[in-house]
Amino acid sequence: MLNRLYRWLDLRYGIGEIAEKELTGYLLPRNINEWYSLGSVLLVIFAIQVVTGMLLMIYYVPDADKAFKSVSFIMNEVPFGWFIRLCHAVGSNMMVAVLLLHMFSTLMMGSYKAPRELNWVTGFTLFALVQGISLTGYLAPWSQLSFWATTVATNSVSAIPVLGPTLVEFLRGGKLVGPATLGRFFALHAAVLPVVIAALIGAHLFFLKRTGISAPPFGKDETANPFEAREYHYQGHPGGIPFFPNYALQDLSSISIYFAVFLAVVFFWPNMPFTPDAFVPADPFKTPAHIKPEWYFLANYQTLKIFPSELLGLSVQAAAMTFLALLPFIDRSPERHPLKRPLFLTLVIAGILLWIALSVWGHLS
Amino acid sequence: MIRKNILAILLLAPLLFLKPAAATALEQPETVCIQCHGSMPDRLGAPVNLWRGSIHAENGISCNGCHGGDPKDAANAMSPQRGFLGAPKEKDIPAFCGRCHPGVYKDYLASAHGRALGAGGPTCVTCHSNHQVVKASLALINEKSCTRCHSFERAKTIRDAMSGTEARIVGISGRIAQFQVSGVDTEKMGKALFSVRNRFHTLFHDVDVNRVKNESAAINKELDKLDAALKVIDDEHARRRVVGGIAVAFAVLLAILFHLMKKTYD
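As you go down the protein sequences, you meet chains A and B in turn.
Whatever position you read off the first sequence (first residue = 1), add 8 for this note's numbering.
Whatever position you read off the second sequence (first residue = 1), add 101 for this note's numbering.
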């Protein structure tokens, strides 16, 4: 039956040729490692977020008077509603975590270097957008945590000279966080950002297909970037391993490991994405004692606190983000092996330690 | 090399601007009552320290909450025009406290303690203390306190009849709070417990042993219903964990299987 269906499709659309080109004939470097499968894991996470988000929209009501109750209804009354909501909430955290790992591997293997500058830029923009979609989704349950975390987050924009107060009002749809904020954040979270993210994922994959996959710098004597800016050249890997079945199995293995961790959190640590304030309806007249942002914003939060002015804190963060976004255009050295780039390695490790320290500090402060 | 040094400076420069985190703990501003009396010796200053360890201080009820007056204006803080009441006479103490605790006041007046008001009977502060006001709990019914006026025998019988119920209420309250912070809709259970707890609290000033025993039994039946509702949620969560365990194990097995399959192609 399946064979007949395959033949029917192949005769009309030549799917055998596509499979040969994109799967069995798509060769990858022989020394490819597990880190390369994180992109596939991220695609799966994004798909889960989209599907669970659509399911949540069936019962969720983006109205300040009804949002909290609708989320409570999903958690308590809708069959498997608790599971879908937890998958969505845990998934958003996992997406940021896996994105960080994906970017870390790209940094360490120097895969951001020419001709893959735009792969990095689109990837980095995706990281920023995922943080944005997480932030806008944070307000959706209209809990004390949502309300006050959004108040703090939007308030930091007021530090921008001249335009700051206007921008805050634009973001909130008024002077304070209120029903108008929920409306615009929900529109961003459920309509605008997913489409932009999907488009950027498409661009990211397009660049990957056009440049060819980079070979890891490990296990080779020659580790310099072979790219020469003379004419377009697809970096193939003759004699490499086929994507299917070899690396597809690695992808499946990594995705299964991800599911094991993800489901362990959903079933055994369901409170991971929440604090007690997440289960109290938003009350604009009652400021909770210790409102903290999500773990991936703790370093930003602490940075704003430790600098003498919020503007300086924001500027430093903007400078650091711009530096990272434009890294391929700043770091033009051909060497890709991290051990042959001691200054780079030191800076990466110092940067990660600084980020961890600021996050822990932000959590404890 | 120069470019690398510039990169290092760019990344490390922000550290120069670091300042210690500002203290974030918000403290309640002190009232003028505390500012003046806190530094006074003996009788005039002692209430401040006693108050600091009270349930009132814990809940932000300051001097003016009971004694009236203006807590922001030192010159007129104790002016009757600003509502200053001063200290009540002994027989007026229950009504003084009853302004905020009307239910308890009613229960007290109906009890043997209340009926003896003005005839040597105890007032609120006899058991709960004044200024260092202690939270109402069964611990207040103790031999040392009760034997100041009468034998402990009957009080002990009442306390024993109530202590099991109190422990159950505390336990159920903790379980509801735990479920509440994991997204379970506990509104109905919370309201039911609130009602049961209030009913139970009416017994705190009752000294009729039989009534206390009968009421405690009726309250325990209500608590049984709450217990049963909580058990349903507990069982559901336990089932979820079993399913979760199987799902995680299945994912791990799949990961191992795919890894082994990949090895066969290497």
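By construction, the Cβ of each residue, glycine as well, lies at the ideal position given by its N, Cα and C atoms.
Exposed unless 16 or more other CB atoms sit within 10 angstroms - verdict on residue 128 of chain B: Residue 128 of chain B sits at position 27 when you count from the first residue of the second sequence. Unreliable placement is indicated for residue 128 of chain B, whose pLDDT of 44 sits below 50; the coordinate value is still reported in the next sentence. Within 10 angstroms of the beta-carbon of residue 128 of chain B lie fewer than 16 other beta-carbons, which makes it exposed.
Identity of the residue in A:234, A:310, A:40 nearest residue 321 of chain A by Cα: Here residue 321 of chain A is taken as the residue at index 313 of the first sequence, counted from 1. Comparing Cα-Cα distances from residue 321 of chain A to each of A:234, A:310, A:40, the minimum goes to A:310.
Helix, strand or coil at residue 249 of chain A [DSSP, three-state]: For this step, residue 249 of chain A is matched to residue 241 along the first sequence. Strand.
Run of the alpha helix (DSSP H) containing residue 153 of chain B, from where it starts to where it stops: For the purposes of this step, residue 153 of chain B is taken as residue 52 along the second sequence, with counting starting at 1. 143 to 153 is the extent of the alpha helix (DSSP H) around residue 153 of chain B.
Sheet register partners of residue 343 of chain A (DSSP bridge): Position 335 of the first sequence holds residue 343 of chain A. Bridge partners of residue 343 of chain A: A:232.
Segments assigned alpha helix (DSSP H), at least 4 residues, entirely inside the segment 308 to 373 of chain A: 318 to 333, 335 to 338, 350 to 372
Segment contact, 8 Å Cβ cut-off, at least three pairs: the segment 250 to 257 of chain B with the segment 287 to 307 of chain B: no
Residue-chain proximity (residue 357 of chain A, chain B), Cβ-Cβ < 7 Å: Translated into the one-based positions of the first sequence, residue 357 of chain A becomes position 349. Taking Cβ atoms only, chain B never reaches closer than 7 Å to residue 357 of chain A, which makes this a no.
Interfacial residues, the segment 145 to 166 of chain A to chain B, with Cβ spacing under 9 Å: none
Inter-residue spacing [alpha-carbon to alpha-carbon] between residue 352 of chain B and residue 361 of chain B: In the second sequence, counting from the first residue as 1, residue 352 of chain B sits at position 251. In the second sequence, counting from the first residue as 1, residue 361 of chain B sits at position 260. Cα-Cα distance, rounded: 14 Å.
Cut-off 7 Å between Cβ atoms - residues of its own chain near residue 225 of chain A, not counting five sequence neighbours on either side: In the first sequence, counting from the first residue as 1, residue 225 of chain A sits at position 217. Beyond the five residues adjoining it in sequence on each side, residue 225 of chain A comes within less than 7 Å, by CB distance, of 117, 118, 231, 344, 345 in the same chain, given in chain order.
Any alpha helix (DSSP H) of 4 or more consecutive residues that is wholly inside the segment 167 to 237 of chain B: 194 to 199, 203 to 211, 213 to 216, 225 to 229
Chain A contact for residue 335 of chain B (CB, 7 Å cutoff): Along the second sequence, one-based indexing puts residue 335 of chain B at 234. No, residue 335 of chain B does not count as interfacial toward chain A.
Own chain, CB closer than 6 Å to residue 122 of chain A, minus 5 neighbours either side, in chain order: In the first sequence, counting from the first residue as 1, residue 122 of chain A sits at position 114. Excluding sequence neighbours, residue 122 of chain A sits near 235.
Beta-carbon gap between residue 239 of chain B and residue 264 of chain B smaller than 7 Å: Counted from its first residue, the second sequence places residue 239 of chain B at position 138. Counted from its first residue, the second sequence places residue 264 of chain B at position 163. Going by C-beta atoms, residue 239 of chain B is nearer than 7 Å to residue 264 of chain B.
Residue burial classification, residue 72 of chain A (beta-carbon count within 10 angstroms, cutoff 16): Walking along the first sequence from the start, residue 72 of chain A turns up at place 64. Result: buried.
Proximal residues, the segment 74 to 85 of chain A versus chain B, C-beta separation under 7 Å: 80, 83, 84
Residues in the segment 240 to 269 of chain A having any Cβ partner in chain B nearer than 7 Å: Result list: 253, 254, 257, 258, 260, 261, 264, 265, 267, 268.
Beta-carbon gap between residue 157 of chain A and residue 301 of chain A smaller than 7 Å: Here the question's residue 157 of chain A lines up with position 149 in the first sequence. Here the question's residue 301 of chain A lines up with position 293 in the first sequence. Contact: yes.
Reference residue 196 of chain A, options A:142, A:50, A:241, A:229, closest by Cα: Stepping through the first sequence from its first residue, residue 196 of chain A is reached at position 188. Looking from the CA of residue 196 of chain A, the closest CA among A:142, A:50, A:241, A:229 belongs to A:142.
Residue 97 of chain A, buried or exposed, once every other Cβ within 10 Å from all chains shown has been counted against 16: Position 89 of the first sequence, counting from 1, holds the residue named residue 97 of chain A. Using a 10 angstroms sphere on the CB of residue 97 of chain A, the tally of other CB atoms reaches 16 or more, which defines it as buried.
Residue 355 of chain B: contacting residues in chain A (beta-carbon distance under 7 Å): Taking the second sequence and counting its residues from 1, one reaches residue 355 of chain B at position 254. Within chain A, the residues near residue 355 of chain B are 264.
Buried versus exposed, by CB contacts within 10 Å (16 or more), residue 330 of chain A: For the purposes of this step, residue 330 of chain A is taken as residue 322 along the first sequence, with counting starting at 1. Classification for residue 330 of chain A: exposed.
DSSP three-state assignment for residue 376 of chain A, whether helix, strand or coil: Residue numbering for chain A in the displayed model covers 9 to 373; residue 376 of chain A lies beyond these limits and cannot be assessed.
Within chain E, partners of residue 363 of chain B - CB distance below 7 Å: No chain E appears in this structure, whose protein chains are A and B.
Residue 45 of chain A beta carbon less than 7 Å from that of residue 259 of chain A: Taking the first residue of the first sequence as 1, we reach residue 259 of chain A at position 251. Taking the first residue of the first sequence as 1, we reach residue 45 of chain A at position 37. Contact: yes.
Chain-ordered neighbours of residue 283 of chain B on chain A, where CB pairs are closer than 7 Å: Stepping through the second sequence from its first residue, residue 283 of chain B is reached at position 182. For a Cβ distance threshold of 7 Å, residue set 278, 279 of chain A lies close to residue 283 of chain B, ordered along the chain.
Cut-off 6 Å between Cβ atoms - residues of its own chain near residue 222 of chain A, not counting five sequence neighbours on either side: Here residue 222 of chain A corresponds to residue number 214 of the first sequence, with the count starting at 1. Here the set comprises 119.
Burial state of residue 134 of chain B, where buried means 16 or more other Cβ atoms lie within 10 Å: Counting from one through the second sequence, the residue named residue 134 of chain B turns up at place 33. That one is buried.
Neighbourhood of residue 214 of chain B by C-beta distance below 8 Å, restricted to the same chain and skipping five residues each side: By 1-based counting over the second sequence, the position of residue 214 of chain B is 113. Excluding residues within five positions, the ones whose Cβ falls inside 8 Å are 222, 223, 306, 308.
Residue range of the unbroken alpha helix (DSSP H) whose run includes residue 315 of chain B: As a first step, residue 315 of chain B is located in the second sequence; it is residue number 214 there, counting from the start. Residue 315 of chain B -> alpha helix (DSSP H) spans 310 to 366.
Contact under 7 Å by Cβ, residue 242 of chain A with residue 220 of chain A: As a working note, residue 242 of chain A is residue 234 in the first sequence. As a working note, residue 220 of chain A is residue 212 in the first sequence. Yes; because the gap between Cβ atoms is below 7 Å, this pair is in contact.
Helix, strand or coil at residue 216 of chain A according to DSSP, with G and I counted as helix: The sequence position of residue 216 of chain A within the first sequence is 208, counting from 1. In the structure shown, residue 216 of chain A sits in a helix (DSSP, three-state: H, G or I).
Buried versus exposed call for residue 357 of chain B [16 or more other C-beta atoms within 10 Å across all chains shown]: Mapped onto the second sequence, residue 357 of chain B falls at position 256. Residue 357 of chain B is exposed by the Cβ-count criterion.
Strand pairing of residue 35 of chain A, partner residues [DSSP]: By one-based count along the first sequence, residue 35 of chain A stands at place 27. Looking at the DSSP assignment, residue 35 of chain A forms a beta bridge with A:250.
Neighbourhood of residue 263 of chain A by C-beta distance below 8 Å, restricted to the same chain and skipping five residues each side: Looking up residue 263 of chain A in the first sequence gives position 255. So the list reads 45, 48, 49, 52, once near-sequence residues are dropped.
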